[in-house]
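J.:
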Amino acid sequence: MSAADATDATDERPATDGTPDPAARRPHRFARLVIEVCIAVLLVVLVRTFVVQSFYVPSGSMEPTVMPADRVLVDRLHGASGLRRGDIVVFDGTEAWNAVRSAEPEGGALGRILRPVQSALGIDPQETDYLKRIIGLPGDHVVCCTASGHLTINGAEVVEPYLPSGMRASEVTFDVTVPSGKLWLMGDNRPESADSRAHLGDPGGGMVPESDVIGRVTLRFWPVSRWGTMERSTTLSDLPTAG
């Protein structure tokens with residue numbers, strides 16, 4: 004065997020000096036990356052499911068408090084516990100307001116594949132969740148409207164500071180008593196809000212079960228220029244409770 008042949012044969016043998024083969028490390032790096040990504044997604048899903056969740060606001064039904072294209076954070080940890088009048092909440096309207104998802108996800112087959120991921124990350128474009136303000140708690144008697152265009156709750160007239168200037172509490176009149184375990188919800192932009200008033204004639208009379216509440220809106224984080232906490236309205240929470 005020639006010197007050249009000997010050299011070639013030596014070069015083809017695996018290194019025996021203990022130095023790791025770079026080619027052998029690549030599969031391990033990829034596997035570690037996959038594990039890290041899976042852990043990150045799992046943490047996002049767990050946080051979204053049990054702690055906080057981000058929601059995109061597509062409509063102007065809550066103007067001027069929440070504007071179209073705002074993004075808000077919802078406290079899921081406490082769910083429907085400790086809710087008060089004036090709280091802004093997100094709830095699932097599938098049952099109470101007959102909200103229906105389209106049978107075919109957007110994007111066809113690709114949409115069906117991405118749907119679980121979109122839902123887990125809070126970017127599902129076909130959500131049936133609504134964002135409204137709690138006006139009536141279980142047992143409350145809510146009436147609209149007085150001669151001055153205001154609500155009364157348990158006989159007390161309410162001037163709502165979050166409504167656009169000069170807006171009546173509602174152009175739709177109603178007189179409801181909220182059943183046990185239910186809520187009466189309205190948007191701040193009353194002429195543009197399809198809320199409990201729009202479902203007065205439906206089974207349940209527009210009331211939303213407390214169990215359908217996903218959580219209370221605590222923070223508006225986007226756009227940055229509108230960043231801020233969502234303070235509870237003491238105007239409603241300080242009213243007398245149902246007798």
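Residues in the sequence shown are numbered consecutively from 4, following my numbering. We put the CB at the ideal spot given by N, CA and C, even for glycine.
1) Measure from the alpha carbon of T68 to the alpha carbon of each residue in P243, G231, V216, then state which is nearest.
2) What are the boundary residues of the alpha helix (DSSP H) that T97 is part of?
3) From the DSSP output, in three-state form, read off S151 for me.
4) Could you give the first and the last residue of the continuous beta strand (DSSP E) run that contains L188?
5) What are the boundary residues of the alpha helix (DSSP H) that T238 is part of?
6) Could you name the residues of the same chain whose beta carbon sits closer than 7 Å to that of L203, not counting the 5 residues immediately before and after it, in chain order?
7) Secondary structure at R193, three-state DSSP: helix, strand or coil?
8) Label S64 either buried or exposed according to how many other C-beta atoms from any shown protein chain fall within 10 Å of its C-beta, with 16 as the threshold for buried.
9) Can you look up A159 in the DSSP assignment and give me helix, strand or coil?
10) For S240, I'd like the list of residues in its chain whose CB is within less than 7 Å of its CB, leaving aside the five on either flank, ordered along the chain.
11) So which of A150, K185, I91 has the shortest CA-CA distance to S214?
12) What is the rounded straight-line gap between the Cα of G139 and the Cα of S183?
13) Between which two residues does the beta strand (DSSP E) holding L222 run?
T.: In brief:
1) Ranking P243, G231, V216 by CA distance to the CA of T68 puts G231 first.
2) Judged by DSSP secondary structure, T97 falls outside any alpha helix (DSSP H); it is assigned neither H nor E.
3) Looking at S151 - three-state DSSP - the assignment turns out to be coil, as it is neither helix nor strand.
4) Segment 185-189, the beta strand (DSSP E) holding L188.
5) Here the alpha helix (DSSP H) through T238 covers 237-240.
6) Setting aside the 5 residues that flank it on each side, L203 is surrounded in the same chain by F177, G209, each with a C-beta closer than 7 Å to its C-beta; the list follows chain order.
7) It is helical.
8) When all chains shown are included, S64 counts as buried.
9) Note: A159 maps to strand in three-state DSSP.
10) For S240, where only same-chain residues beyond five positions count, the Cβ hits under 7 Å are R87, R88, G89.
11) The residue among A150, K185, I91 with its C-alpha nearest the C-alpha of S214 is K185.
12) So the alpha carbons of these two residues sit roughly 11 Å apart.
13) Its beta strand (DSSP E) spans residues 216-225.
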